[in-house]
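**Q** Going by my numbering, the sequence shown opens with residue 88, and the numbers climb by one from there.
Built from N, CA and C at the ideal position, the CB exists for glycine as well.
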Amino acid sequence: MTFLSVARLGRYTAAAEVLGVNHSTVSRRVTALESAMGGRVLVRTAGGWEVTDLGHRAVTIAERIEASLRELSDGENADAVHGMVRVSAPDAFTSVFLAPAMTALRREHPQLAVELLSATQRVRQNRSGVDLEIVVGRPQVLRAYATPVCAYALRLYATPDYLDEAGRPDSIAELAAHPLVYYVESSLQVDELDRALQELPDSPASVRSTSVFAHVEATAAGAGIGILPDFLGDADPRLTRVLDGAYAHPLAYWAVARDEGPRNPAVAATLEALISYIETVRG
């Protein structure tokens with residue numbers, strides 16, 4: 088079971104935290120398994136610990152043992168969706184989609200613990216320490232499972248008061264006269280988010296932030312024209328679309344997991360619940 092946790096999370100420290108043991112205990116147990124099987128089941132790579140060919144055989148056996156132990160301890164009607172799932176995702180996605188979806192999932196599976204980690208970054212080749220990583224844009228990754236979960240677009244928004252005072256732009260070129268509220272350019276780690284800004288003219292001095300919720304609040308306070316996800320901007324009654332039809336930067340959120348991740352019933356249920364919730368609320 089220790090080996091299975093490392094195979095799914097890719098990191099001894101992450102597996103140790105989930106199992107409630109220390110790093111050395113994880114290492115000792117994996118070493119004992121390798122000694123018993125007569126070969127390496129894990130190999131260290133730049134992306135964390137990866138499962139070897141012998142390790143894949145061990146994973147299959149470990150998953151059967153896991154299911155049997157669960158049935159033995161909880162009975163034939165044991166809930167396969169239990170334990171802990173860690174999901175890394177951008178703030179906006181977490182607040183609007185992930186948190187309510189996971190709340191609903193836990194109502195069905197109360198033995199499941201969920202940890203949500205905030206991150207807006209390009210997909211990592213090393214996904215160690217998390218079961219699912221939600222990223223912006225189609226990921227280019229090796230030895231991973233990836234699937235799209237939500238399409239959206241960045242659009243332009245402002246308050247009616249701001250537009251009355253500063254004037255409503257009639258073209259993309261006229262945006263050069265308006266402060267654009269968006270990410271701090273030097274901190275952007277996602278190419279697709281950077282390209283959204285490159286499609287627009289240079290902005291006068293404006294309010295920039297690493298937080299999308301700061302973008303929303305600054306725009307609502309009249310700081311300028313905000314470049315916001317449509318699922319946030321359209322839902323805010325303080326804001327109205329600007330240059331609707333003339334500017335929209337289409338994007339998508341993708342879920343990425345290590346190869347062994349979706350074999351975990353809890354991870355599979357998490358992904359299914361997330362996609363189902365998004366389909367329900369977005370139609």
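Beta-carbon separation of L203 and V223 under 8 Å?
**A** Counting from 1 along the sequence shown, the entry for residue 203 is found at position 116. Counting from 1 along the sequence shown, the entry for residue 223 is found at position 136. No.
**Q** Tell me which same chain residues have a C-beta within less than 6 Å of the C-beta of A123, skipping the five on either side of it?
**A** Here residue 123 corresponds to residue number 36 of the sequence shown, with the count starting at 1. Counting only Cβ-Cβ distances below 6 Å, and skipping sequence neighbours, we find nothing.
**Q** From which residue to which residue does the alpha helix (DSSP H) around H110 run?
**A** Position 23 of the sequence shown holds residue 110. Unbroken alpha helix (DSSP H) run through H110: 110-124.
**Q** Decide if R151 is buried, meaning its Cβ has at least 16 other Cβ atoms within 10 Å, or exposed.
**A** Taking the sequence shown and counting its residues from 1, one reaches residue 151 at position 64. By the neighbour-count rule (16 or more Cβ atoms within 10 Å), R151 is not buried but exposed.
**Q** Sorted by chain position, which residues of the same chain lie with C-beta nearer than 7 Å to S92's C-beta, five sequence neighbours on each side aside?
**A** Position 5 of the sequence shown holds residue 92. Result list for S92: A102, V105, L106, in chain order.
**Q** Do you know offhand how far Y283's Cα is from P349's?
**A** Position 196 of the sequence shown holds residue 283. Position 262 of the sequence shown holds residue 349. Per the sequence shown, the amino acid found at residue 283 is Ala instead of Tyr. A283 and P349: Cα-Cα distance of roughly 32 Å.
**Q** Going by DSSP, what residue range makes up the alpha helix (DSSP H) through A188?
**A** Locating residue 188 in the sequence shown gives position 101, counting from the first residue. Per DSSP, A188 belongs to the alpha helix (DSSP H) from 186-195.
**Q** With distance defined between alpha-carbon atoms, name the residue in P288, E137, R325, L280 nearest to D248.
**A** Along the sequence shown, one-based indexing puts residue 248 at 161. Minimum Cα distance to D248 is reached at R325.
**Q** State the Cα-Cα distance for the pair T100 and H110, rounded to the nearest angstrom.
**A** Residue 100 sits at position 13 when you count from the first residue of the sequence shown. Residue 110 sits at position 23 when you count from the first residue of the sequence shown. Using only the alpha carbons, I get a separation of about 5 Å.
**Q** For the beta strand (DSSP E) that contains S92, what are its first and last residues?
**A** Stepping through the sequence shown from its first residue, residue 92 is reached at position 5. Taken as a continuous stretch (DSSP letters only), S92 belongs to no beta strand (DSSP E), being part of the alpha helix (DSSP H) at 89-96.
**Q** Taking Cβ positions, are I221 and L267 nearer each other than 8 Å?
**A** Residue numbering aside, residue 221 sits at position 134 when the sequence shown is read from its first letter. Residue numbering aside, residue 267 sits at position 180 when the sequence shown is read from its first letter. No, the Cβ-Cβ distance between I221 and L267 is not below 8 Å.
**Q** Specify the secondary structure class of I259 as computed by DSSP and reduced to three states.
**A** For the purposes of this step, residue 259 is taken as residue 172 along the sequence shown, with counting starting at 1. Reduced to three states, the DSSP call for I259 is coil.
**Q** Could you tell me whether the Cβ atoms of D317 and A240 are closer together than 8 Å?
**A** Taking the first residue of the sequence shown as position 1, residue 317 is located at position 230. Taking the first residue of the sequence shown as position 1, residue 240 is located at position 153. Yes, these two residues count as a Cβ contact at 8 Å.
**Q** What residues in its chain sit with their C-beta under 6 Å from that of I362, if we drop five residues either side in the sequence?
**A** Numbered from 1 along the sequence shown, position 275 holds the residue referred to as residue 362. Excluding sequence neighbours, I362 sits near V236.
**Q** Does the beta-carbon distance from H302 to Y340 come in below 8 Å?
**A** In the sequence shown, the residue the question calls residue 302 occupies position 215. In the sequence shown, the residue the question calls residue 340 occupies position 253. Cβ distance not < 8 Å, so H302 and Y340 don't count as in contact.
**Q** Please report the straight-line C-alpha distance between H169 and S273, rounded to a whole angstrom.
**A** Reading the sequence shown from its first residue, position 82 is the one you call residue 169. Reading the sequence shown from its first residue, position 186 is the one you call residue 273. For H169 and S273, the distance between alpha carbons rounds to 40 Å.
**Q** Please confirm whether H196 and A356 have their CB atoms less than 8 Å apart.
**A** By one-based count along the sequence shown, residue 196 stands at place 109. By one-based count along the sequence shown, residue 356 stands at place 269. Cβ distance < 8 Å, so H196 and A356 count as in contact.
**Q** Taking only the alpha-carbon atoms, compute the straight-line gap between D218 and A149 and give it to the nearest angstrom.
**A** The residue labelled residue 218 in the question sits at position 131 within the sequence shown. The residue labelled residue 149 in the question sits at position 62 within the sequence shown. Their backbone Cα atoms lie some 18 Å apart in a straight line.
**Q** For P205, which residues from the same chain have a beta carbon less than 7 Å from its beta carbon, with the 5 sequence-adjacent residues on both sides left out?
**A** By 1-based counting over the sequence shown, the position of residue 205 is 118. The question names Pro, but residue 205 in the sequence shown is Ser. Cβ within range, chain order: D178, T181.
**Q** Thinking just about the alpha-carbon of each residue, which of G311, T132, D140, F300 is nearest to the one in R255?
**A** Stepping through the sequence shown from its first residue, residue 255 is reached at position 168. Nearest C-alpha to R255: G311.
**Q** Measure how close the beta-carbons of A360 and A94 come, nearest whole angstrom, since I'm counting them as under 8 Å.
**A** Locating residue 360 in the sequence shown gives position 273, counting from the first residue. Locating residue 94 in the sequence shown gives position 7, counting from the first residue. That belief does not hold up - the Cβ atoms of A360 and A94 are roughly 23 Å apart, past 8 Å.
**Q** With H, G and I counted as helix, E and B as strand and the rest as coil, what does DSSP make of S396?
**A** Residue 396 cannot be examined here, being either before or after the span of the chain that is shown, 88 to 370.
**Q** With the cut-off set at 8 Å, would you say R193 and W136 are in Cβ contact?
**A** Here residue 193 is taken as the residue at index 106 of the sequence shown, counted from 1. Here residue 136 is taken as the residue at index 49 of the sequence shown, counted from 1. Cβ distance not < 8 Å, so R193 and W136 don't count as in contact.
**Q** Which residues in the same chain as S258 place their Cβ atom closer than 8 Å to its Cβ, once the five residues preceding and following it in sequence are excluded?
**A** As a position in the sequence shown, residue 258 is number 171, starting the count at 1. L330, A333, listed in sequence order.
**Q** F90 and V130: beta carbons closer than 8 Å?
**A** One-based indexing of the sequence shown puts residue 90 at position 3. One-based indexing of the sequence shown puts residue 130 at position 43. The answer is no: Cβ separation not under 8 Å.
**Q** To the nearest angstrom, how far is it from the Cα of M88 to the Cα of H143?
**A** Counting from 1 along the sequence shown, the entry for residue 88 is found at position 1. Counting from 1 along the sequence shown, the entry for residue 143 is found at position 56. Cα to Cα, M88 sits roughly 14 Å from H143.
**Q** When burial is assigned at 16 or more other CB atoms within 10 Å of the CB, is A307 buried or exposed?
**A** Counting from 1 along the sequence shown, the entry for residue 307 is found at position 220. Under this definition A307 is a buried residue.
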